[in-house]
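Quick notes on the structure that follows.
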Amino acid sequence: MDTYSKLSKQTIFLHWVVATFMIGLLAVGVYMHETKSFFLYSWHKSFGVLIVVFVLWRLYNRMKSGWLEPVRQYKPVEISLSKIVHWLLIIGTILMPISGMMMSGLGGYGIPFFGLELVAPNPNPDDPTKMIPLNAPLAQAGKVVHSLVGDILIGAIALHIAGALKHHFIDKDNTLNRMKGMDISSK
Ligand code: HEM
Ligand code: HEM
């Protein structure tokens with residue numbers, strides 16, 4: 024259970040696993056899209072599907088135990104900004120895997136999962152290099168959401184990290200220490 028002075032092992036584990044996956048997937052996503060590095064696509068899709076387990080676990084954990092108690096009295100503007108950013112991060116982590124699966128699965132490109140085939144590709148029999156979408160409008164919607172929410176998330180994560188660093192180095196409070204797993208009652 025999370026308390027004011029110490030967060031549960033589960034909260035710490037899930038925060039850092041989801042954070043690492045999200046930053047990695049965003050970086051690889053942008054890189055492979057820009058450079059057309061198609062060999063990275065199946066890795067990106069597999070890890071993108073895997074993260075769903077941790078995102079849902081984290082969501083359940085957060086709904087069960089509520090939002091974290093602030094380590095000190097923040098200014099109202101800080102509270103509002105951090106709430107908005109936390110919501111953007113949570114909604115973004117849900118929308119990215121869903122939109123990715125819509126784009127790839129319904130676009131006919133298929134969804135691999137570490138060598139398994141979750142959704143098979145649907146090649147055009149006359150030209151196997153081209154895929155036939157299973158549902159072109161939904162696949163297109165997935166593509167637009169994946170790209171747009173990806174950009175919004177990159178901005179939100181930058182603000183989130185800047186906020187964490189400000190708390191740590193400028194305000195010198197225990198916000199980051201507590202998320203690193205420290206017991207802050209003795210600090
Ligand atoms: C180097 C990167 C990161 C650092 C240093 C960091 C730091 C922190 C800190 C210190 C908190 C606690 C805030 C508080 O007590 O009010 C926090 C909470 C949170 N972080 Fe991060 N974070 C990072 C990356 C991410 C990423 C990539 C995501 C998701 C995309 C994320 C999502 C969240 C969410 C949703 C919370 C709210 C508390 C919770 O639900 O557990 N963080 N982060
Ligand atoms: C949290 C999970 C995910 C994140 C953060 C993420 C992030 C990204 C980002 C930022 C891009 C670049 C988009 C652009 O610049 O237009 C991208 C591209 C892509 N993503 Fe994801 N993604 C995730 C999950 C998935 C999943 C689950 C799939 C499919 C099963 C997927 C399939 C793709 C594909 C095929 C592209 C390339 C699109 C293109 O080149 O037009 N992604 N991803």
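Under my numbering, the first residue of the sequence shown is numbered 24, with each subsequent residue one higher. Backbone N, C-alpha and C define an ideal beta-carbon position, used for all residues, glycine too.
In the structure shown, the three-state DSSP call for threonine 26 is coil.
By alpha-carbon distance to glutamate 140, the top candidate from Lys203, Lys68, Leu111 and Lys59 is Lys68. With a cut-off of 6 Å, the C-beta of leucine 91 is classified as near ligand 1, since at least one heavy atom of the ligand falls inside that distance. By the neighbour-count definition (other C-beta atoms within 10 Å, threshold 16), serine 127 is a buried residue. Rounded to the nearest whole angstrom, the CA to CA distance from valine 75 to proline 120 is 7 Å. Here alanine 181 is exposed, its C-beta having fewer than 16 other C-beta atoms within 10 Å.
For the 7 Å CB-CB criterion, glycine 130 and alanine 164 do not form a contact.
Annotation for methionine 154: the continuous beta strand (DSSP E) segment containing it runs 150-154.
Taking all protein chains shown into account, valine 167 has fewer than 16 neighbouring C-beta atoms within 10 Å of its C-beta and is therefore exposed. For leucine 37 and aspartate 149, the gap between their C-alpha atoms comes out near 46 Å. For ligand 2, no non-hydrogen atom lies closer than 6 Å to the CB of isoleucine 121. Take arginine 81, set aside five residues on each side of it, and the residues of its chain with a beta-carbon closer than 7 Å to its own are Leu37 and Val41, in chain order.
As computed with DSSP, phenylalanine 192 is found in no beta bridge at all.
Boundaries of the beta strand (DSSP E) harbouring isoleucine 134: 134-136, taken from the DSSP string. CA-to-CA, the gap between asparagine 145 and proline 151 works out to about 9 Å. Contact between valine 72 and threonine 116 is ruled out by a C-beta separation of about 13 Å, above the 8 Å threshold. Contact check for isoleucine 177 against leucine 49 passes: the beta carbons are separated by less than 7 Å. If you draw a straight line from the Cα of isoleucine 193 to the Cα of serine 103, it comes to about 19 Å.
Ligand 2 has no heavy atom closer than 6 Å to the beta-carbon of leucine 171. Counting only runs that start and end inside the stretch 79-154, the alpha helix (DSSP H) elements of at least 4 residues fall at 99-124.
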